[in-house]
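Those sequence lines, one after another, are chains A and B.
Residue 140 in the working numbering sits at position 140 of the first sequence; the count goes up by one each step and never skips.
Residue 136 in the working numbering sits at position 136 of the second sequence; the count goes up by one each step and never skips.
Protein chains: 2
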Amino acid sequence: MTMPPTFKAPSDAIDVGPLAQRIGYMLRRAHKAVLDHGNVAFGRINLRPPQYGILLFLARSPGRNQAAVGAALGIQRSNFVGLIKGLDKRKLVRRSRGPKDKRPRVLHLTNRGEALLREAKKIDAKLDRRFDKKLGRGGREKLLELLTKLAEPDKGSRH
Amino acid sequence: MTMPPTFKAPSDAIDVGPLAQRIGYMLRRAHKAVLDHGNVAFGRINLRPPQYGILLFLARSPGRNQAAVGAALGIQRSNFVGLIKGLDKRKLVRRSRGPKDKRPRVLHLTNRGEALLREAKKIDAKLDRRFDKKLGRGGREKLLELLTKLAEPDKGSRH
DNA sequence: TATTGTTATACTCTATAACTATA
DNA sequence: TATAGTTATAGAGTATAACAATA
Chain A
1 MTMPPTFKAP
11 SDAIDVGPLA
21 QRIGYMLRRA
31 HKAVLDHGNV
41 AFGRINLRPP
51 QYGILLFLAR
61 SPGRNQAAVG
71 AALGIQRSNF
81 VGLIKGLDKR
91 KLVRRSRGPK
101 DKRPRVLHLT
111 NRGEALLREA
121 KKIDAKLDRR
131 FDKKLGRGGR
141 EKLLELLTKL
151 AEPDKGSRH
Chain B
1 MTMPPTFKAP
11 SDAIDVGPLA
21 QRIGYMLRRA
31 HKAVLDHGNV
41 AFGRINLRPP
51 QYGILLFLAR
61 SPGRNQAAVG
71 AALGIQRSNF
81 VGLIKGLDKR
91 KLVRRSRGPK
101 DKRPRVLHLT
111 NRGEALLREA
121 KKIDAKLDRR
131 FDKKLGRGGR
141 EKLLELLTKL
151 AEPDKGSRH
């Protein structure tokens with residue numbers, strides 16, 4: 001197994017050696033690549049990817065409060081405030097207070113929000129086509145399956 | 001396809017609906033989960049994951065300068081300074097200046113650096129075993145293959 | 001002029017503590 | 001007292017500009 005040192009000098013691919021086998025490193029690189037694309041694409045309709053996530057979630061599960069939506073998306077409620085305020089100011093979401101419990105702000109998409117979401121979904125589909133081209137047949141489904149397993153909380157973590 | 005609203009209330013799994021099918025979202029969740037584990041594990045030997053990456057890279061490719069190592073790891077040279085200084089202060093790496101070109105600082109692992117890297121590799125292997133358990137047989141290899149494809153720069157991006 | 005390392009700075013994402021108003 | 005939203009703040013990670021020394 002004595003291998004000669006590899007110097008993949010020429011093209012734009014860099015030989016990072018054993019790093020290419022590290023899950024954390026490759027997740028970082030892949031996430032950044034995908035995020036960069038998302039920022040550019042959604043930026044055209046003035047949305048950041050997390051805000052698109054909020055719209056998408058509210059279309060399916062309207063009527064939740066901020067804490068619930070934030071928890072589902074993995075965003076702490078304090079950090080959620082800025083995101084949702086941005087959407088509120090643009091009249092993409094409605095934050096109503098119920099007459100019974102006046103603490104929670106119940107979230108709904110407005111008509112404008114639904115319209116923008118339709119645009120955003122087109123952008124998203126375009127992004128997916130680009131990624132599908134890279135990942136190959138069945139690649140996206142397999143990737144999502146594996147990422148879901150990684151993201152699941154540890155069972156019986158005796159660490 | 002009229003599906004009833006899904007309320008996966010009980011366990012710790014949250015129903016995020018269509019978000020679970022978004023590559024960017026799942027990459028973010030998976031990356032964070034893996035990073036959290038890495039921070040805890042490598043924190044025990046006072047390393048942050050990017051610093052482990054530097055040691056790993058230098059063991060395989062010694063004698064490069066900061067800009068080269070940073071570029072290979074996807075870290076800008078300005079942001080690389082703090083990371084490498086931390087390793088230098090702990091005598092894990094040597095930053096020498098050649099007599100010919102006095103600008104670049106040529107990087108090598110010290111004996112201490114090699115010793116710590118051996119410890120770090122054990123921690124890394126332990127992390128991998130944990131991830132392998134989640135990912136199942138062949139999961140890690142497949143995941144790395146897909147992430148590599150995603151991280152590759154776009155060819156002929158006509159955007 | 002270009003390159004290497006460096007500093008300073010800013011912006012995003014994330015994390016924690018503390019406040020308010022409600023319950 | 002507990003909860004929901006909010007504010008402030010701090011820490012990573014990342015990005016850009018500018019500078020000094022060197023080539």
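Even for Gly, the Cβ is constructed at its ideal location relative to N, Cα and C.
Within the continuous alpha helix (DSSP H) that includes residue i, where are the two ends?
{"i": "SER78 (chain A)", "result": "77-89"}
{"i": "ILE54 (chain A)", "result": "49-60"}
{"i": "ASN39 (chain B)", "result": "23-43"}
{"i": "LEU73 (chain A)", "result": "66-73"}
Rounded to whole angstroms, how far is the Cβ of residue i from the Cβ of residue j, which I believe are closer than 8 angstroms?
{"i": "HIS37 (chain B)", "j": "LEU127 (chain B)", "result": "6 angstroms"}
{"i": "PRO18 (chain B)", "j": "LEU56 (chain A)", "result": "6 angstroms"}
{"i": "LEU83 (chain A)", "j": "VAL34 (chain B)", "result": "That belief does not hold up - the Cβ atoms of LEU83 (chain A) and VAL34 (chain B) are roughly 24 angstroms apart, past 8 angstroms."}
{"i": "VAL40 (chain A)", "j": "LEU73 (chain B)", "result": "Contact doesn't hold; Cβ gap of about 23 angstroms is too wide."}
{"i": "ASN65 (chain B)", "j": "VAL106 (chain B)", "result": "6 angstroms"}
{"i": "ILE123 (chain A)", "j": "ILE45 (chain A)", "result": "7 angstroms"}
{"i": "ARG112 (chain A)", "j": "LYS91 (chain A)", "result": "5 angstroms"}
{"i": "LEU150 (chain A)", "j": "LEU135 (chain B)", "result": "7 angstroms"}
{"i": "TYR52 (chain A)", "j": "ALA115 (chain A)", "result": "14 angstroms between Cβ atoms; not a contact."}
{"i": "ILE23 (chain A)", "j": "ARG95 (chain B)", "result": "About 29 angstroms separates the two Cβ atoms, so there is no contact after all."}
{"i": "PRO49 (chain A)", "j": "ILE75 (chain A)", "result": "Not quite, the Cβ-Cβ distance comes to about 12 angstroms (not below 8 angstroms), so this is no contact."}
{"i": "LYS142 (chain A)", "j": "LYS100 (chain B)", "result": "Their Cβ separation, rounded to whole angstroms, is 50 angstroms, which puts LYS142 (chain A) and LYS100 (chain B) out of contact at 8 angstroms."}
Interface residues of chain A around residue i at Cβ under 8 angstroms?
{"i": "VAL16 (chain B)", "result": "PHE57, ALA72, LEU73"}
{"i": "LYS149 (chain B)", "result": "LYS134, LEU135, GLY136, GLY139"}
{"i": "PHE131 (chain B)", "result": "ILE23, LEU150"}
In chain A, which residues lie with their C-beta within 9 angstroms of the C-beta of residue i?
{"i": "PRO49 (chain B)", "result": "ARG22, GLY24, TYR25, ARG28"}
Applying a beta-carbon distance threshold of less than 7 angstroms, which residues of chain B neighbour residue i?
{"i": "GLY38 (chain A)", "result": "GLY24"}
{"i": "ARG60 (chain A)", "result": "GLY17, PRO18"}
Residue i touches chain A at which residues, Cβ-Cβ below 7 angstroms?
{"i": "GLY53 (chain B)", "result": "LEU19, TYR25"}
{"i": "VAL34 (chain B)", "result": "ILE23, GLY24, LEU27, LEU150"}
{"i": "LEU109 (chain B)", "result": "Chain A residues near LEU109 (chain B): none, gap ~14 angstroms exceeds 7 angstroms."}
{"i": "LEU146 (chain B)", "result": "LEU135, GLY139, LYS142, LEU143"}
Check: Counting only runs that start and end within the region 90-158 of chain A, where is the alpha helix (DSSP H) found for 4 or more residues in a row?
Finding: Taken in chain order, the complete alpha helix (DSSP H) segments of 4 residues or longer contained in the region 90-158 of chain A are 111-135, 139-151.
Next item on the list: Would you check if there are 3 or more beta carbon pairs closer than 8 angstroms linking the region 131-147 of chain A to the region 80-91 of chain A?
Entry: Flag = no, the region 131-147 of chain A and the region 80-91 of chain A do not touch.
Margin query: Does the contact criterion of 3 or more C-beta pairs under 8 angstroms hold for the region 106-121 of chain B versus the region 44-64 of chain B?
Written below: Three or more beta-carbon pairs separated by less than 8 angstroms link the region 106-121 of chain B to the region 44-64 of chain B, which places the two stretches in contact.
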